[in-house]
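Worksheet: the structure to be examined is printed underneath.
Residue numbers (this note's numbering): 121 to 703.
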């Protein structure tokens with residue numbers, strides 16, 4: 121039985137495409153071992169039909185033509201498919217041949233040539249497409265004819281046959297399902313070029329079983345002593361466990377378990393049914409004696425295993441490449457995180473004996489977050505503090521955070537005696553600059569303050585950020601609501617209002633991002649503003665470090681290990697009382 125090979129090619133109408141089609145047909149025909157005369161006829165007919173479709177069906181406009189080619193050792197069947205209006209060239213009468221070459225017109229004889237050089241021509245209109253099929257070479261025998269030829273050459277199977285369970289079955293007793301299953305099995309790669317009589321003989325010693333969706337058919341590490349061939353449905357081969365996400369799919373006509381049966385070792389993978397299906401179960405003895413003992417089947421099995429190894433090698437290379445790319449990305453993210461962390465101030469935030477202390481903390485929800493804080497002394501001895509939260513997370517947010525932090529430091533260090541004017545200018549300029557070259561429409565919430573230690577006062581500007589908690593001596597903590605302003609980075613040309621408050625010795629200002637109050641427990645509950653307020657209400661604040669440590673511990677206990685979706689950032693600024701020695 122000759123092997124039939126299928127090929128497909130899709131072209132856009134153009135002279136270059138026709139040359140491509142010609143080269144494609146000749147290359148495939150040469151590989152198949154077809155004669156030069158056969159290739160000439162095929163090439164001539166294809167070229168005439170392609171030109172005809174381009175010129176008359178599409179009227180020279182752009183159009184797609186699909187070529188479907190089936191080749192065997194002696195026959196080529198080519199179907200040209202186009203989506204032009206319906207046209208059956210076979211209904212056209214043959215043109216009158218010219219009296220001489222000199223009087224012959226240009227064109228008009230293409231279909232006539234196709235009829236002369238093709239052994240068969242067929243047209244049909246199907247699914248809105250014209251399908252014109254030509255055959256070069258003798259007609260291919262049908263499947264039934266090939267089976268009859270096999271039986272005539274190899275003799276009929278002697279019935280009754282005996283199944284593996286001992287039951288005997290005659291030809292007239294075989295079910296339609298069995299006959300259809302046998303037909304499928306006989307056409308698989310494993311039984312390619314195997315006489316039909318031999319396939320029937322092997323089939324008679326096997327059983328057909330059904331499988332349910334999710335059923336584990338073979339288990340790694342166990343001996344199953346059988347080969348499973350898929351008749352209907354699909355199987356999944358899992359290497360890392362029956363529920364792993366990575367698997368190899370096995371479809372109708374393919375088999376599993378043959379390696380374990382051949383080498384006598386346990387199964388190396390789990391095989392799971394991906395939906396209901398039907399399987400041909402080939403016992404170990406039948407596989408070893410009747411299948412591996414058949415030279416053609418053994419050759420086919422070697423070819424199948426070789427192809428499987430090639431596919432496996434490609435998958436291994438792809439996984440290694442993905443792992444290397446992931447490792448490279450991991451290194452880049454770690455480097456970005458280190459760069460980002462290096463931009464945040466480190467303890468101690470202020471020099472000793474300045475009358476103020478601070479403590480900052482940030483934990484990114486991802487390797488690179490979008491939160492930040494800053495604190496430093498201005499040239500005139502006043503203190504500048506800031507905290508911000510960039511929208512989104514990951515590398516884009518980190519880059520915007522670096523840009524914002526750099527801009528804030530530059531604006532904060534510009535001399536200005538009036539703190540209110542200083543902060544208003546800082547907010548306006550930062551908003552305008554961050555709006556420039558901001559195609560991704562990133563934005564940031566900000567809270568910035570200037571603390572005047574001599575005047576025991578602080579001024580602040582809040583641009584859409586969480587209100588800080590202010591603890592004054594002898595008073596309950598309060599949220600510093602103050603004037604609210606728009607976010608920074610969305611709309612240029614905005615104005616920003618500045619607020620103020622007392623900040624005497626013994627005071628504490630706690631800045632935080634919404635990752636603190638929106639920290640989530642496993643049941644979906646949020647930490648909340650009230651819990652944060654209570655932490656500063658019930659205990660006296662000894663230092664900025666103690667304040668931050670207490671809040672981080674409370675948030676972690678609340679989350680109880682549940683993964684967080686947002687960065688957690690804190691900045692505490694504390695003025696020790698006059699009678700308390702500076703830590």
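The C-beta atom is built at its ideal place from N, Cα and C for all residues, glycine as well.
Open item on the list: Could you tell me the alpha carbon to alpha carbon distance between residue 702 and residue 695, rounded to whole angstroms?
Closed with: Here the question's residue 702 lines up with position 582 in the chain shown. Here the question's residue 695 lines up with position 575 in the chain shown. Low confidence applies here, because residue 702 scores a pLDDT of 49, under 50, leaving its location unreliable and the question unanswered by this model.
TODO: For the beta strand (DSSP E) containing residue 577, list its first residue and its last residue.
DONE: Here the question's residue 577 lines up with position 457 in the chain shown. From DSSP, the beta strand (DSSP E) with residue 577 extends over 577-583.
Open item on the list: In the DSSP assignment, the alpha helix (DSSP H) including residue 460 goes from what residue to what residue?
Closed with: On the chain shown, residue 460 is found 340 positions in, with the first residue counted as 1. Taken as a continuous stretch (DSSP letters only), the alpha helix (DSSP H) holding residue 460 covers 415-463.
Task: Span separating the alpha-carbon of residue 689 from that of residue 463 - done: The residue labelled residue 689 in the question sits at position 569 within the chain shown. The residue labelled residue 463 in the question sits at position 343 within the chain shown. Taking the straight line from one Cα to the other gives about 15 Å.
Task: Backbone CA spacing between residue 686 and residue 530 [nearest angstrom] - done: One-based indexing of the chain shown puts residue 686 at position 566. One-based indexing of the chain shown puts residue 530 at position 410. Rounded to whole angstroms, residue 686 to residue 530 spans 28 Å at the Cα level.
TODO: Look up residue 572 in the DSSP assignment and give the residues it is bridged to.
DONE: Here residue 572 refers to the residue found at position 452 when the chain shown is read from its first residue. BP columns for residue 572 point to 577.
Task: Between the CA atoms of residue 314 and residue 271 - distance to the nearest angstrom - done: Position 151 of the chain shown, counting from 1, holds the residue named residue 271. Position 194 of the chain shown, counting from 1, holds the residue named residue 314. The predicted position of residue 271 is uncertain, since its pLDDT is 48 and thus under 50; a value taken from the coordinates is nonetheless stated next. Computed Cα separation, rounded: 12 Å.
Open item on the list: Less than 7 Å between the C-beta atoms of residue 199 and residue 258, yes or no?
Closed with: Reading the chain shown from its first residue, position 79 is the one you call residue 199. Reading the chain shown from its first residue, position 138 is the one you call residue 258. Result no, Cβ atoms of residue 199 and residue 258 do not sit closer than 7 Å.
Task: Residue from 470, 493, 489 with nearest C-alpha to residue 481 - done: Your numbering for residue 481 matches position 361 in the chain shown. Cα-wise, what sits closest to residue 481 is 493.
- [ ] Starting from the Cα of residue 351, find the closest Cα among 550, 502, 326, 620 and give me that residue.
- [x] Here residue 351 is taken as the residue at index 231 of the chain shown, counted from 1. The option with the nearest alpha carbon to residue 351 is 326.
- [ ] State the beta-bridge partners of residue 323 as determined by DSSP.
- [x] Residue numbering aside, residue 323 sits at position 203 when the chain shown is read from its first letter. The partner list for residue 323 (beta bridge, DSSP) is empty, contrary to what the question assumes.
Open item on the list: Is it buried or exposed, residue 250, if we count other Cβ atoms within 10 angstroms and call 16 or more buried?
Closed with: Within the chain shown, numbered from 1, the residue matching residue 250 stands at position 130. So residue 250 ends up on the buried side.
Open item on the list: In the DSSP output, which residue or residues are listed as bridge partners for residue 132?
Closed with: The residue given as residue 132 occupies position 12 in the chain shown. Beta-bridge pairing links residue 132 to 184.
Open item on the list: Pull the bridge partners of residue 689 from the DSSP assignment, please.
Closed with: To locate residue 689, count along the chain shown from 1; it is residue 569. Per DSSP, 482.
- [ ] Specify, as a first and last residue, the run of the alpha helix (DSSP H) that residue 153 falls within.
- [x] As a working note, residue 153 is residue 33 in the chain shown. Looking at the DSSP string, residue 153 is not in any alpha helix (DSSP H), and its letter there is neither H nor E.
TODO: Tell me whether residue 437 is buried or exposed, calling it buried when 16 or more other Cβ atoms sit within 10 Å of its Cβ.
DONE: Looking up residue 437 in the chain shown gives position 317. Answer is exposed; the Cβ neighbour count stays below 16.
Task: Euclidean distance between Cα positions of residue 626 and residue 542 - done: Here residue 626 refers to the residue found at position 506 when the chain shown is read from its first residue. Here residue 542 refers to the residue found at position 422 when the chain shown is read from its first residue. One C-alpha to the other measures close to 26 Å.
Task: Expected contact under 8 Å - CB spacing of residue 333 and residue 395 to nearest Å - done: Translated into the one-based positions of the chain shown, residue 333 becomes position 213. Translated into the one-based positions of the chain shown, residue 395 becomes position 275. The Cβ separation is near 5 Å, so the contact holds.
Task: Neighbour-count burial assignment, residue 471, 16 or more Cβ in a 10 Å radius - done: Position 351 of the chain shown, counting from 1, holds the residue named residue 471. Looking at its Cβ environment, which holds fewer than 16 other Cβ atoms inside 10 Å, residue 471 is exposed.
Open item on the list: Tell me the residue span of the alpha helix (DSSP H) that contains residue 555.
Closed with: The count along the chain shown starts at 1 and reaches residue 555 at position 435. Where residue 555 is concerned, the enclosing alpha helix (DSSP H) stretches over 539-555.
TODO: Please name the residue or residues paired with residue 655 in a DSSP beta bridge.
DONE: Taking the first residue of the chain shown as 1, we reach residue 655 at position 535. Its beta-bridge partners do not exist; DSSP assigns none.
Open item on the list: Per DSSP, what are the beta-bridge partners of residue 508 in this structure?
Closed with: Taking the first residue of the chain shown as 1, we reach residue 508 at position 388. According to DSSP, which records beta bridges pairwise, residue 508 is partnered with 492, 566.
Task: Coil, strand or helix - residue 694 by DSSP - done: Here the question's residue 694 lines up with position 574 in the chain shown. Reduced to three states, the DSSP call for residue 694 is strand.
- [ ] Return the Cβ separation of residue 675 and residue 639 in integer angstroms, given the expectation that the two are a contact with Cβ distance under 8 Å.
- [x] Within the chain shown, numbered from 1, the residue matching residue 675 stands at position 555. Within the chain shown, numbered from 1, the residue matching residue 639 stands at position 519. Residue 675 to residue 639, Cβ: 5 Å. Contact.
TODO: Pull up the DSSP beta-bridge partners for residue 605, would you.
DONE: Taking the first residue of the chain shown as 1, we reach residue 605 at position 485. According to DSSP, residue 605 bridges with 583.
Open item on the list: Can you tell me which residues form a DSSP beta bridge with residue 375?
Closed with: In the chain shown, the residue the question calls residue 375 occupies position 255. 349, per the DSSP bridge assignment.
Open item on the list: Given this structure, state the Cα-to-Cα distance separating residue 373 from residue 393, to the nearest angstrom.
Closed with: As a first step, residue 373 is located in the chain shown; it is residue number 253 there, counting from the start. As a first step, residue 393 is located in the chain shown; it is residue number 273 there, counting from the start. About 15 Å.
Open item on the list: Is residue 605 close to chain D? Criterion is C-beta to C-beta, closer than 7 Å.
Closed with: The structure shown contains no chain D; it is built from a single protein chain.
Task: Run of the beta strand (DSSP E) containing residue 314, from where it starts to where it stops - done: In the chain shown, the residue the question calls residue 314 occupies position 194. Element bounds for residue 314: n/a, residue is neither H nor E.
Open item on the list: Quick check: the Cα distance between residue 173 and residue 361, rounded to an integer number of angstroms?
Closed with: As a working note, residue 173 is residue 53 in the chain shown. As a working note, residue 361 is residue 241 in the chain shown. Each residue's Cα considered, the two are about 54 Å apart.
- [ ] May I ask you to list the residues that DSSP assigns as paired with residue 252?
- [x] Along the chain shown, read from residue 1 onward, the residue named residue 252 stands at position 132. According to DSSP, which records beta bridges pairwise, residue 252 is partnered with 200, 243.
TODO: Could you tell me if residue 502 is buried or exposed, where buried requires 16 or more neighbouring beta carbons within 10 angstroms of its beta carbon?
DONE: Within the chain shown, residue 502 is the residue found at index 382, counting from 1. With a 10 Å radius around the Cβ and a threshold of 16 neighbouring Cβ atoms, residue 502 comes out buried.
Task: residue 420 classed as buried or exposed, judged by whether at least 16 other C-beta atoms fall within 10 angstroms - done: Along the chain shown, read from residue 1 onward, the residue named residue 420 stands at position 300. Residue 420 counts as buried, since no fewer than 16 other beta carbons sit within 10 angstroms of its beta carbon.
Task: Other residues of its chain near residue 691: CB distance less than 6 Å, five sequence neighbours each side excluded - done: Within the chain shown, the letter at position 571 stands for residue 691. Closer than 6 Å at Cβ, skipping near neighbours: 480, 493, 507, 631.
Open item on the list: Excluding the 5 residues flanking residue 92 on each side, which residues of the same chain have their C-beta closer than 8 Å to its C-beta?
Closed with: This structure leaves residue 92 out entirely; the chain is present only between 121 and 703.
- [ ] Give me the Cβ distance between residue 510 and residue 521, rounded to the nearest whole Å; I'm assuming they're in contact under 8 Å.
- [x] Here residue 510 is taken as the residue at index 390 of the chain shown, counted from 1. Here residue 521 is taken as the residue at index 401 of the chain shown, counted from 1. With 8 Å as the limit, residue 510 and residue 521 qualify as a contact, their Cβ atoms being about 5 Å apart.
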